Amino acid sequence: MERILIAAGLTDVTTTPLGGGTYNAVFRVSAAEGEFVLKVAPQDQPGLTYERHLIRTEAMFCELASKVAPVPEVVFADDTALLATLLPGEPVFGRSDVDRPKLRHELGQAVRALHDITGPGFGYPQLGLHDTWTGAFLGMVDAVREDADRYGVDLPALDLRRHTAAFDEVDRPALVHFDLWDGNVLADGGLTGLVDGERAFWGDPVAEFVSLALFGSVEDDTDLLSGYGFEFTDAARVRLAAYQAYLYSIMLTERVPRGSTDAEFERVIRDALTRALGVLA
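Residue numbers (my numbering): 77 to 357.
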């Protein structure tokens, strides 16, 4: 931490641990130059296949997204840590003091701006990019299923190859955050921030709607969709179900390296996974 703060040129520094992080260690940094957030990557922590060099991915996300949406600006980054500006507002999760329709409309507009950013290929940037979204996503699914086998997690069968025509429709690699649940959305009077972009990838914008309506149906969120300007097709619904199945498979598998023993939460995830697989059947 000291090395990073010196390299960033900060003075009169105090640091305070921040809760909520499930992968990186996170700290609030107060300095003469302002308020910042410092993320430090774990050392040799067991994880999933895609959970490598996530600091690099988040730095890339912030560099690109901060130009078009309320996203932290990078102050300093290397392979081990990321120092970024602290955004105003607090996470929306669990709050009743926000104008929800207004916030969701603003969130839809911000997410649309993210998705207008186009990448050089498809997939996770830290793992190497693919020429097609179909190839990238099927590889992502295979990887998490291999992770599940490695950690002894029983996942139901998921064969997406009969739906490849739906994935073939995606011909532009958009910037997808893929973790925009309410805990990573900040608000004050309105939307003030989108944070924790470490799990971002280049792919189908429809994938974003999974975490935006975690365990629910985004088609019920008319405020978000009107802000975004999105209308679902049958093919998009198939892809959405596949992305739900992918994320819920990740959430089940990562419980092992993270040491989670919450049986009720596991039931919630498995029920949501079953619903997604029902759409794909």
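All C-beta atoms, glycine included, are put in the ideal place defined by N, C-alpha and C. Please read these numbers as outputs of a predicted model, since none were measured by experiment.
Is residue i buried or exposed, if buried means 16 or more other CB atoms sit within 10 Å of its CB?
i, result
"D280", "buried"
"Q121", "exposed"
"E274", "buried"
"F103", "buried"
"K143", "exposed"
"T90", "exposed"
"E149", "exposed"
"S287", "buried"
"R315", "buried"
"I337", "The question names Ile, but residue 337 in the sequence shown is Thr. Exposed: under 16 other Cβ atoms inside 10 Å."
"E134", "buried"
"D175", "exposed"
"I82", "exposed"
"E111", "exposed"
"E307", "exposed"
"D310", "exposed"
For residue i, which residues in the same chain have their Cβ closer than 7 Å to its Cβ, ignoring the five residues on either side in sequence?
i, result
"G266", "K178, L179 and E182"
"R128", "Q202"
"T194", "R248, P249 and A250"
"G197", "L205, H206, D207, P249 and W278"
If you draw a straight line from the C-alpha of residue i to the C-alpha of residue j, how long is it?
i, j, result
"V355", "T208", "24 Å"
"S302", "V294", "11 Å"
"A160", "F137", "12 Å"
"D264", "H206", "39 Å"
"G211", "L323", "17 Å"
"A339", "Q119", "28 Å"
"E78", "Y99", "20 Å"
Leaving out five residues before and five after residue i in sequence, what residues of the same chain have Cβ atoms less than 6 Å from its Cβ?
i, result
"D299", "P177, R180 and H181"
"T125", "A219 and D223"
"Y200", "Y126 and F277"
"Y319", "A283 and V286"
"A108", "T87 and D88"
"L234", "A321"
"A312", "V282"
"P333", "P122 and G123"
Please classify residue i: does DSSP put it in a helix, a strand, or coil?
i, result
"D250", "With the sequence shown as reference, residue 250 is identified as Ala, and Asp is not the correct amino acid for it. Looking at A250 - three-state DSSP - the assignment turns out to be strand."
"E295", "helix"
"V350", "With the sequence shown as reference, residue 350 is identified as Thr, and Val is not the correct amino acid for it. Looking at T350 - three-state DSSP - the assignment turns out to be helix."
"S106", "strand"
"F198", "strand"
"L236", "coil"
"E284", "helix"
"G170", "coil"
"H206", "strand"
Using a Cβ-Cβ cut-off of 8 Å (strictly less than) and excluding sequence neighbours within five positions of residue i, which residues of its own chain qualify?
i, result
"P146", "L163, A186, L262, L267, T268, G269 and L270"
"L328", "A224, V229, L231, E342, I345, R346 and L349"
"R132", "A153, D155, P201 and Q202"
"L94", "V102, F103, R104 and V113"
My assumption, with CB atoms under 8 Å, is that residue i sits in contact with residue j. Please give the rounded CB distance.
i, j, result
"L130", "A141", "Actually they do not touch by this definition, with Cβ atoms about 15 Å apart."
"L190", "V217", "Contact doesn't hold; Cβ gap of about 23 Å is too wide."
"F169", "G292", "14 Å between Cβ atoms; not a contact."
Could you confirm whether any beta carbon from chain C is found closer than 8 Å to the beta carbon of residue i?
i, result
"P122", "Although the question refers to chain C, the structure presented lacks it and comprises just one protein chain."
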